[in-house]
Amino acid sequence: MNGLNRWESGDCAIEVENLTRHFDDLIAVDGVNLQVPRGSVLGLLGVNGAGKSTLIKMLMGHLRPSAGNIRILGRDLKKEQLEIRRRVGYVSENRYLYEWMTVEEILRFTQAFHENWAEEKARELVERFTLPMKKKIRELSRGNRARVCLLLALAYNPELILLDEPTTGLDPIVRRDFLENIIWEIGQEGRTVLFSSHIVEEIERIADYVAIMDNGRILSVSTVEALKQSHRRVRFSSTGNQTELARAPGLLAIYQARHESILTLQGFGEESLRWLESHGVHQPELLPMSLEEIFVDSVRARRRLEGKEDRWEVRYADKGD
Amino acid sequence: MFIKIDPANGLPIYLQIMNQVKTAIALGRLQPEEALPSVRQLAMDLAVNPNTIARAYLDLEHEGVIYKRAGQGTFVSGQGVEMSKRERMKLFNEFLEKSLVEGIHLGLDPAEMKSSFDQQLERIILSRQGQKDRGR
Chain A
91 MNGLNRWESG DCAIEVENLT RHFDDLIAVD GVNLQVPRGS VLGLLGVNGA GKSTLIKMLM
151 GHLRPSAGNI RILGRDLKKE QLEIRRRVGY VSENRYLYEW MTVEEILRFT QAFHENWAEE
211 KARELVERFT LPMKKKIREL SRGNRARVCL LLALAYNPEL ILLDEPTTGL DPIVRRDFLE
271 NIIWEIGQEG RTVLFSSHIV EEIERIADYV AIMDNGRILS VSTVEALKQS HRRVRFSSTG
331 NQTELARAPG LLAIYQARHE SILTLQGFGE ESLRWLESHG VHQPELLPMS LEEIFVDSVR
391 ARRRLEGKED RWEVRYADKG D
Chain B
2 MFIKIDPANG LPIYLQIMNQ VKTAIALGRL QPEEALPSVR QLAMDLAVNP NTIARAYLDL
62 EHEGVIYKRA GQGTFVSGQG VEMSKRERMK LFNEFLEKSL VEGIHLGLDP AEMKSSFDQQ
122 LERIILSRQG QKDRGR
């Protein structure tokens, strides 16, 4: 399922090997392996606290790993951090900015740090984002703040862009606008984007690859399409007993009603159907799954394995049951 | 022609786009030689990764539904598709089989299904004719 493994080092914008980070007793990132091909968009999908931000901060060099290696754009992050930073754009979760500066001032300020600042690009972005140059940062709307952050990350034409929950807290109109701007930038040859989000729809729309993260670990990396191809829900009238079905290959979840069952299966194929057939389930209805459903069922299945969640979900049970 | 995609739908986005382009052509909402939006523009309009649009366009091109004119953009093919009649019938039969199986699964009566087929076909032909008559 790890379709990214076929890329060689030279073709990767990000290569992470066995990356780990502790905070005292807490393991925030746990042995992560990840390769992001140049020119692709990778969506990092996970709930709050899954470790996405910690991972991204390590990729930026803001946090030192407890263990593991990071290569960005083919260079070792430990050895060439400054050189790498010139070629990476970053929007943090908290969107830190100097509140007392005006938009104009913060542009000039940031420009001073980047010899590869592209004035024309910056001007184009200011115009496209319709930013009020004379306003102070603290007077800006959330949407405009987010736009300033994005502009600062893009104005020196970085090869790689890291976005940590870029649209969280933005209203739907602003969010859409933000996405469109990111998409416009993706259109540029060779630029790589890694963005983290818990808004599944965004990942569905714009990611080439999605990495599902939970509890510090990466559960899977694949294209959105491959995920959807390999997961199915099968629906049928309840006949067989539940314990038997619990052994279905690739089972992620069971949804049980009085006369009806739905199984979520991973790695779905002919074999799955044959197994079901041999256990009394004939010609079930096959339901394609949205990324959100795949995400929720995958994460819950993993948590169940680790003993952190209950057994199967029961729905629509009568009060008398 | 407006395309509406549903990211949460189990069908990959590029396939949704392809289907809608083909449907628009069948219904006369896209005319032969009409220009399609650029990959980048459509990506922005739909808020979707440009690679997805590029893929849809590429596959549509392979199927002969659209073609690229160097430096000018992408256009709907002229007289119908370049695929052989046999290839086209094969594709159509695949879609038809899926629909029929679905209908049987839903417990529909074959006579009802056939009647529905006839109605839909008539509606589409009328719509196409209507577009042509309006001199588009």
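Note that the protein sequences, when read in sequence, are chains A and B. Residues in the first sequence are numbered consecutively from 91, following the working numbering. Residues in the second sequence are numbered consecutively from 2, following the working numbering. Here a beta-carbon is modelled for each residue, glycine too, at the ideal position from N, C-alpha and C. Values in this document were obtained by computation on a predicted structure and should not be read as measured data.
Val131: these are the residues of the stretch 120-150 of chain A whose beta carbon lies less than 7 angstroms from some beta carbon of chain B, given in chain order. What Ala57/B touches in chain A, judged by beta-carbon distance under 7 angstroms, is nothing: the nearest beta carbon there is about 12 angstroms away. Taking 9 angstroms as the CB threshold, Pro378/A lines the interface with chain B. Distance from Asp101/A to Asn52/B at the Cβ level is roughly 16 angstroms; contact not present, criterion being Cβ atoms closer than 8 angstroms.
DSSP places Val290/A in the uninterrupted alpha helix (DSSP H) bounded by Val290 to Ile296. For Ala297/A, the closest Cβ of chain B is nearer than 9 angstroms. Using a C-beta cut-off of 8 angstroms, the stretch 172-179 of chain A makes contact with the stretch 248-261 of chain A, since at least three inter-stretch Cβ pairs fall below that distance. Not one beta carbon of chain B lies nearer than 9 angstroms to the beta carbon of Ile263/A. Listed along chain A are Lys318, Leu377, Pro378, Met379 and Ser380, each with a C-beta nearer than 8 angstroms to that of Gly11/B. Neighbours of Pro38/B in chain A, taken as residues whose beta carbon is under 8 angstroms from its own, are absent, since the nearest beta carbon is some 13 angstroms off.
Here Tyr299/A carries a strand assignment [DSSP, helix/strand/coil]. Listed along chain A, no residue sits closer than 9 angstroms to Met114/B by beta-carbon distance, the nearest being about 18 angstroms off.
Taking CB atoms only, Leu342/A has no neighbour in chain B less than 9 angstroms away.
Residue environment analysis places Thr257/A among the buried positions, since at least 16 neighbouring C-beta atoms fall within 10 angstroms of its C-beta. Separation of Ile308/A and Thr144/A (C-alpha to C-alpha, rounded to the nearest whole angstrom) is 13 angstroms. With respect to Asp304/A, Ala140/A sits close: the two C-beta atoms are nearer than 9 angstroms. Chain-order list of chain A residues neighbouring Met19/B: empty, with the shortest C-beta distance near 13 angstroms, by a criterion of under 9 angstroms.
One finds Ala48 in chain B with Cβ atoms closer than 7 angstroms to the Cβ of Leu269/A, taken in chain order. His106/B reaches chain A at Gln373 and Glu375, counting residues in chain order whose Cβ is nearer than 9 angstroms. Interface residue (Cβ-Cβ distance to chain B less than 9 angstroms): Glu294/A is classified as such. Non-local beta-carbon contacts of Ala44/B in its own chain, meaning distances under 6 angstroms to residues more than five positions away in sequence, involve Pro51 and Ile54 in chain order. Counting other Cβ atoms within 10 Å of its Cβ, Glu361/A stays below 16 and is therefore classed as exposed.
Taking the Cα of Leu61/B as reference, the smallest distance to any Cα among Asp46/B, Asn10/B and Leu37/B is reached at Leu37/B.
When DSSP states are grouped into helix, strand and coil, Tyr246/A belongs to the coil group.
Just so you know, the alpha carbons of Leu342/A and Glu35/B end up roughly 47 angstroms apart.
Checking the DSSP bridge columns, you'll see Ser328/A has no partner listed. Here the alpha carbons of Met114/B and Ile105/B stand approximately 9 angstroms from one another.
In chain A, no part has a C-beta under 9 angstroms from the C-beta of Pro33/B; the shortest such distance is about 28 angstroms. Chain B has no Cβ within less than 9 angstroms of the Cβ of Val324/A. Asp261/A sits in coil when the DSSP states are folded into three classes, being neither helix nor strand. Annotation for Gly158/A: the continuous beta strand (DSSP E) segment containing it runs Ala157 to Ile162. Under the DSSP assignment, Ala208/A falls outside any alpha helix (DSSP H); it carries neither an H nor an E label. Ile18/B has its alpha-carbon roughly 10 angstroms from the corresponding atom of Ala25/B. For Val193/A, the enclosing alpha helix (DSSP H) stretches over residues Val193 to Gln201. Collapsing the DSSP output to three states places Thr110/A in a strand. Pro155/A and Gly306/A have their C-alpha atoms roughly 13 angstroms apart.
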